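Accompanying notes for the structure given below.
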Amino acid sequence: MSETSGESQDYEREVARRAEAVAEFEEPRRGLLGAVQHMLHVNPSLVPLIVLIASIIIFGILRGTTFFSPFALTLILQQVQIVGIVAAAQSLVILTAGIDLSVGAIMVMSSVVMGQFTFRYGIPVEVSVACGLLCGTLIGFINGWLVAKVKLPPFIVTLGMWQIVLATNFLYSANETIRSQEIEAEAPLLQFFGNTIAFGGARLTYGVIFMLALVFVLAYALKHTAWGRHVYAVGDDPEAAELSGVNVKRTLISVYMLAGLICAFAGWALIGRIGSVSPTSGQLANIESITAVVIGGISLFGGRGSIMGTLFGALIVGVFTLGLRLMGADAQWTYLLIGVLIIAAVGVDQWIRKVSV
C-alpha cells in the first residue's frame, strides 16, 4: 500500500515538473532592426508622428520664427480641419478592410441639404442641420447595407455612390451657391464651426476643436470598447470574427453609418470654413482623406492602425503645404512630396506586417 502511494507521489511530482517545463517560453531574440520593426508593429502611429516632428523641425529651421509663430502653427490646423474630420470617417472604413470613395460627396450633399432646407423651404436652421446630419447617416447606411448584406465590394459600392450622390447634389441644388452674406444674416448657425477663439497670437476655430475632440473620442472608442475591438477583428479576419461571436454585418453597417454621420458634420464644418454653401466645394475630399489615412499608418488591408496616426497624417500634409508655400516653392512640389510619402507609407506598412509577434 505504501509502495503504491510512493509511486503515486512520484508520478504527481513528475507531472508537475513536466507541466512547469512546458509552460516555459523562450523570448525570441531580435536584432536592432527587428526591435524597431516590432515597436512599429505595436505602435503604428509612431512613424507618422516621427515624420510630423521631423518636418516641423526642418521647416522651422529653414523659415525660423515665420513658421514657428503661433499663427502659422494654428493655421495648419485650420487648413486640415475638413480633411481631418473626413479622414476620421475614412479611417473607420479602412480599418474594416474597406474603402469609402463617397465621403467627399456625402460631405457636400449634407451641406447642401442644410443650406437648401433653410433658404429654399424656410425650415428652421436647427431642423435643417439635423436633416443634413440624417442625410449623411442614411447614405452611410445604404453603403453599409450593400457591403454587409448584399456582399458587394466596398470599392464598387462607394464608387457608384460617389457618382450618384454627386449627380444628385448638382441636380438638387441646381448649381446654386448660397452666399456667406445671406447665411450670416439669416442662419448664422450654419457657420458655427467657422467661429474662432483667439488666445495670444493663435486662433482656433470651433471646427478645429471639433476635429481634435472627434479624433480623441474615436481613439478611445476603438481602443477601450467592445465595438472598437469588433471593428479591428472584422478588418483583420471577418470569418474568424464571426466564429468568435462578432456580428460582422451589424459592425460593418454601424461603421458606414458612423462614417456618413461624421462626413455630414464635415459638411457643416465646411460651411463654416468657406462661409457659403457651394455644391462644387470639397471635390477632392475622398482622395485627400485616403492620403491622410495612408500616411497616418493605417493599413489598407484592415485590422491595424490608429486613428491618431490619421490625425498626424493630415497634419503632415498641412505642414508640407504651408512650409513649401512660405518658401515660395511651386505648388507641384507639395503633390510630389506627398506622393513619395504615400508610397513610402505603404512600403513601411508592408515591412511592419512581416513582423512575427
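Residue numbering for the sequence shown follows the working numbering, starting at 116 and increasing by one per position. Positions of the beta carbon are idealized from the N, C-alpha and C atoms, including for glycine. Owing to the predicted nature of the structure, the values given are computational and were not obtained by experimental measurement.
Task: Chain-order list of residues whose beta-carbon lies under 8 Å from that of glycine 315 (same chain, five-residue window excluded) - done: Pro185
TODO: Could you confirm whether any beta carbon from chain D is found closer than 8 Å to the beta carbon of leucine 177?
DONE: Protein chains in the displayed structure number just one, and chain D is not present.
TODO: Have a look at alanine 302 and glutamine 296 and give me their C-alpha separation to the nearest angstrom.
DONE: 10 Å
TODO: Put threonine 252 into one of helix, strand or coil per three-state DSSP.
DONE: helix
Open item on the list: Taking its Cβ as the centre, do 16 or more other Cβ atoms sit within 10 Å of glycine 237, making it buried, or is it exposed?
Closed with: exposed
- [ ] Would you list the residues sitting across from valine 392 in a DSSP beta bridge?
- [x] Ile293
Open item on the list: Which same chain residues end up closer than 8 Å to tryptophan 342 when comparing Cβ atoms and leaving out the 5 residues on each side of it in sequence?
Closed with: Ala336, Thr366 and Ser369
Task: Residue burial classification, glycine 179 (beta-carbon count within 10 angstroms, cutoff 16) - done: exposed
- [ ] Give the secondary structure of phenylalanine 416 by DSSP, where H, G and I count as helix, E and B as strand, and everything else as coil.
- [x] coil
TODO: Tell whether a beta-carbon distance below 8 Å holds between methionine 229 and threonine 283.
DONE: no
Task: Span of the alpha helix (DSSP H) around isoleucine 200 - done: 185 to 210
Task: Runs of alpha helix (DSSP H) wholly within the segment 309 to 388 (minimum 4 residues, chain order) - done: 321 to 339, 341 to 351 and 353 to 358
TODO: Tell whether a beta-carbon distance below 8 Å holds between arginine 388 and isoleucine 197.
DONE: yes
- [ ] Spatial neighbours of threonine 189 within its chain, please: CB distance less than 7 Å, with the 5 preceding and 5 following residues excluded, ordered by chain position.
- [x] Ala317, Arg318 and Leu319
- [ ] Let me know if methionine 65 comes out buried or exposed under the rule of 16 or more other beta-carbons within 10 Å of its beta-carbon.
- [x] Given that the chain is displayed from residue 116 to residue 472, the structure contains no residue 65 and the question cannot be resolved.
Task: Neighbourhood of alanine 381 by C-beta, 7 Å cutoff - its chain only, sequence neighbours within 5 removed - done: Ile197, Ile200, Val201 and Met222
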